[in-house]
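Working notes for the structure below.
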Amino acid sequence: MSAKLHFREHINNQLVLFPQRIDEDIAPNDPVRLVNAVVDSLDLERFNKLYKERGRSPYHPRMMLKVIIYGYMNNIYSCRRIEQALRRDIHYIWLSGYEKPDFVTINRFRLRVKDEIDNVFTQLVLILAERGLVSLDVEYIDGTKIESKANKYTFVWKKTVVRNRARLMEKIRVLLSQIDDAIAQENAAQDEPVEFTPAQLTEICEELRGSIERASAEKAKDKAEKARLRELKRNTRELEKQRDKLDEYDGRLEQMGERNSMSKTDPDATFMRMKEDAMNNGQTKPGHNLQIATENQFLVDFGLFHNPGDTLTMPLFLTSFQRRYGHMASTVVADSGYGSEENYRFMEENGIRAYVKYNYFHMEQKRAFRDNPFRIENLHYNAEGDYFVCPMGQHMRRVGTRHEKTESGYIVEMAAYRAQRCHGCPLRPKCYRKKRGNREIEVSHRLIAYKQRARENLNSEKGLEHRSRRPIEPEAVFGQMKNNMHYKRFRHFGKDKVSMDFAFFAIAFNIKKMAAIMAKSTRNGGNTPHFCHFAVTVRFLLHENRMSKQNTEKKAA
Numbered sequence: 002m003s004a005k006l007h008f009r010e011h012i013n014n015q016l017v018l019f020p021q022r023i024d025e026d027i028a029p030n031d032p033v034r035l036v037n038a039v040v041d042s043l044d045l046e047r048f049n050k051l052y053k054e055r056g057r058s059p060y061h062p063r064m065m066l067k068v069i070i071y072g073y074m075n076n077i078y079s080c081r082r083i084e085q086a087l088r089r090d091i092h093y094i095w096l097s098g099y100e101k102p103d104f105v106t107i108n109r110f111r112l113r114v115k116d117e118i119d120n121v122f123t124q125l126v127l128i129l130a131e132r133g134l135v136s137l138d139v140e141y142i143d144g145t146k147i148e149s150k151a152n153k154y155t156f157v158w159k160k161t162v163v164r165n166r167a168r169l170m171e172k173i174r175v176l177l178s179q180i181d182d183a184i185a186q187e188n189a190a191q192d193e194p195v196e197f198t199p200a201q202l203t204e205i206c207e208e209l210r211g212s213i214e215r216a217s218a219e220k221a222k223d224k225a226e227k228a229r230l231r232e233l234k235r236n237t238r239e240l241e242k243q244r245d246k247l248d249e250y251d252g253r254l255e256q257m258g259e260r261n262s263m264s265k266t267d268p269d270a271t272f273m274r275m276k277e278d279a280m281n282n283g284q285t286k287p288g289h290n291l292q293i294a295t296e297n298q299f300l301v302d303f304g305l306f307h308n309p310g311d312t313l314t315m316p317l318f319l320t321s322f323q324r325r326y327g328h329m330a331s332t333v334v335a336d337s338g339y340g341s342e343e344n345y346r347f348m349e350e351n352g353i354r355a356y357v358k359y360n361y362f363h364m365e366q367k368r369a370f371r372d373n374p375f376r377i378e379n380l381h382y383n384a385e386g387d388y389f390v391c392p393m394g395q396h397m398r399r400v401g402t403r404h405e406k407t408e409s410g411y412i413v414e415m416a417a418y419r420a421q422r423c424h425g426c427p428l429r430p431k432c433y434r435k436k437r438g439n440r441e442i443e444v445s446h447r448l449i450a451y452k453q454r455a456r457e458n459l460n461s462e463k464g465l466e467h468r469s470r471r472p473i474e475p476e477a478v479f480g481q482m483k484n485n486m487h488y489k490r491f492r493h494f495g496k497d498k499v500s501m502d503f504a505f506f507a508i509a510f511n512i513k514k515m516a517a518i519m520a521k522s523t524r525n526g527g528n529t530p531h532f533c534h535f536a537v538t539v540r541f542l543l544h545e546n547r548m549s550k551q552n553t554e555k556k557a558a
């Protein structure tokens with residue numbers, strides 16, 4: 002005899018479907034509890050000035066911050082998807098206290114706090130420092146180019162704008178000479194062509210419109226007078242069009258500044274060559290150069306720059322670290338993209354120990370480089386006599402000094418040295434490629450000294466440790482960011498909004514990393530992390546930081 006089959010009751014419209022406390026279904030060590038604890042411990046008093054005292058009560062900024070950060074931790078960067086999760090996901094429902102802001106409210110909150118979210122990121126890094134996860138004494142720096150939201154066909158090139166503006170200015174001069182003979186004579190008397198501004202052209206157009214109205218009020222007597230009036234109207238309309246075009250060109254040049262390109266829809270984006278090149282044709286795309294500083298794979302600083310290369314970004318980026326935490330990092334580790342004379346000098350003047358490679362650091366480790374007697378780096382230099390010795394033993398005397406200015410305004414002093422007589426030298430084909438003249442070289446003695454100190458630092462025991470760790474610091478963060486968290490392209494127009502979006506991402510990344518470390522310590526035999534107790538400790542640490550900072554300011558005063 003078979004037993005009777007029984008099923009559990011299924012009643013989906015019962016009165017009490019969820020438990021009285023919804024967090025009973027959330028594990029004590031779930032990362033959502035860490036998000037709740039960390040945000041509760043942050044000082045958000047500066048957010049109050051972003052709201053008005055009158056009107057409908059807004060959603061609490063602490064709740065909104067929790068929801069957005071937790072969304073970024075789970076690769077949800079769309080406000081519509083966060084709104085959807087607030088109605089479906091128990092973790093979001095618990096974080097929000099069953100509040101249901103729509104996607105417009107969520108996006109408006111992000112834009113509202115775009116000037117304050119950077120301070121929240123700094124507070125979080127200070128919490129990491131208090132817990133011993135970072136020391137804020139070392140920076141592992143690297144950069145990557147991330148594509149902008151703008152379309153790749155919205156490019157504006159500076160050279161093209163300058164060339165078209167010059168052509169337009171010539172058309173304006175010709176048109177004005179046709180309109181007024183006095184202007185034509187004035188231009189002919191000038192040695193150099195007169196540069197008109199949109200404001201000047203506006204005044205000329207107003208005068209022409211006034212003269213046309215006066216002539217129209219008086220009835221024309223003959224056909225020639227009517228034809229002249231029609232010609233004047235046509236030229237005035239053409240002049241107004243050219244004035245508007247000139248104003249557009251001037252606006253483009255002002256937006257670009259020192260850059261060589263920009264995007265029409267995102268003027269803050271610069272066209273760069275990206276690593277993610279699907280067509281393998283080196284096509285440029287609008288983007289931003291993202292610079293990050295990491296320690297123990299935590300983000301401790303970030304910045305956005307329009308320079309495609311990394312060399313010119315370092316001084317400003319290191320200054321950003323000082324602005325955040327009140328001091329420069331004592332140690333900086335970076336690859337050869339940052340090894341310039343300007344950067345070495347900046348770090349030396351600020352007391353930073355530099356473990357920064359230069360362009361041929363790895364090449365000089367090879368035997369072929371060391372054994373090549375014709376390279377400038379291998380020529381013997383006599384400091385007392387100020388001359389180099391060529392492979393044949395001939396002295397290369399100093400013949401002059403040249404000064405170069407970099408794009409950032411730094412002056413590089415280049416000393417020129419020339420051999421006395423290269424004619425008939427048996428080593429000439431290997432040493433000097435030109436058919437006539439003696440070999441001449443240019444060197445920067447200051448850069449040579451900086452490279453020597455960098456070489457000693459990099460080959461020291463501490464330098465080998467930093468060199469082995471650098472590839473698993475920022476490179477690992479970029480890998481997690483792009484491949485695991487799918488943050489490969491910015492979703493906003495404008496540098497301020499892009500910076501705001503990445504600040505949210507950096508906060509979420511650090512909290513996610515913190516949760517992973519705490520969970521790993523549990524698996525290795527540590528205590529189970531109860532994130533709900535985390536806020537009490539952090540509040541105490543932040544209070545101690547504020548009190549010590551106030552005491553320091555009083556002593557300084």
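In our numbering, the protein residues as written are 2 to 558.
In this text, a Cβ means the ideal position worked out from N, Cα and C, and glycines have one as well.
Just so we're clear, the structure is a prediction, and the values are computed from it rather than from any experiment.
**OP:** Provide the residue span of the alpha helix (DSSP H) that contains Tyr-154, from first to last.
**Re:** Segment: none, Tyr-154 is in no alpha helix (DSSP H) and carries neither H nor E.
Original post:
Who does Ser-262 pair with in a DSSP beta bridge?
Top reply: Trp-158
Original post:
Across which residues does DSSP place Ala-294 in a beta bridge pair?
Top reply: Ile-142, Asp-302
**OP:** Just the C-alpha distance for Lys-489 and Lys-498, rounded to the nearest angstrom, thanks.
**Re:** 16 Å
Subject >> Residue(s) in a DSSP beta bridge with Ile-205 >> reply: According to DSSP, which records beta bridges pairwise, Ile-205 is partnered with nothing at all.
**OP:** With DSSP collapsed to three states, give me the class of Ile-23.
**Re:** helix
**OP:** Tell whether a beta-carbon distance below 7 Å holds between Tyr-418 and Arg-434.
**Re:** no
Subject >> Collapsed DSSP secondary structure at Thr-407 in the structure displayed >> reply: coil
Original post:
Would Ser-469 be called buried (16 or more neighbouring beta carbons within 10 Å of its own) or exposed?
Top reply: exposed
Original post:
Going along the chain, which unbroken runs of the beta strand (DSSP E) with 3 or more residues stay wholly within the region 349-432?
Top reply: 354-357, 381-383, 388-390, 396-406, 412-420
**OP:** Return the CA-CA distance between His-307 and Lys-160, expressed in angstroms with no decimal places.
**Re:** 17 Å
**OP:** Could you tell me whether the Cβ atoms of Phe-322 and Leu-129 are closer together than 7 Å?
**Re:** no
**OP:** Take Ala-477 as the anchor and find which of Thr-295, Tyr-382, Lys-496, Arg-109 has the nearest alpha-carbon.
**Re:** Thr-295
Original post:
Thinking just about the alpha-carbon of each residue, which of Asn-152, Met-65, Arg-324 is nearest to the one in Thr-271?
Top reply: Asn-152
**OP:** Compute the distance between the beta-carbons of Leu-96 and Val-68, then report whether it is under 7 Å.
**Re:** yes
Original post:
Between which two residues does the alpha helix (DSSP H) containing Thr-523 stretch?
Top reply: 496-524
Original post:
With contact counted as at least three CB pairs below 8 Å, one residue from each stretch, are the region 398-413 and the region 352-366 in contact?
Top reply: no
**OP:** Pull up the distance between the alpha-carbon of Ile-583 and that of Asp-31, whole angstroms please.
**Re:** Outside the shown range of the chain, which is 2 to 558, sits residue 583, and nothing can be said about it.
Original post:
Assuming Val-1 contacts Val-135 under a Cβ cut-off of 8 Å, what Cβ separation, rounded to an integer in Å, is found between them?
Top reply: A query on residue 1 cannot be resolved here, the shown segment of the chain reaching from 2 to 558 and no further.
**OP:** Going by DSSP, name the residue or residues bridged to Ala-335.
**Re:** Val-357
**OP:** Compute the beta-carbon to beta-carbon distance between His-424 and Glu-414, rounded to the nearest angstrom, for a pair I have assumed lies under 8 Å.
**Re:** Their Cβ separation, rounded to whole angstroms, is 30 Å, which puts His-424 and Glu-414 out of contact at 8 Å.
**OP:** Note down the Cα distance separating Asp-251 from Thr-203, rounded to an integer number of angstroms.
**Re:** 15 Å
**OP:** State buried or exposed for Phe-8, treating a residue as buried only when at least 16 other CB atoms are found within 10 Å of its CB.
**Re:** exposed
Original post:
Within 10 angstroms of its Cβ, does Arg-235 collect 16 or more other Cβ (buried), or is it exposed?
Top reply: exposed
Original post:
To which residues of the same chain is Arg-566 closer than 8 Å at the C-beta, ignoring the five residues directly before and after it?
Top reply: A question about residue 566 goes unanswered here, because the residues of the chain that appear run from 2 up to 558.
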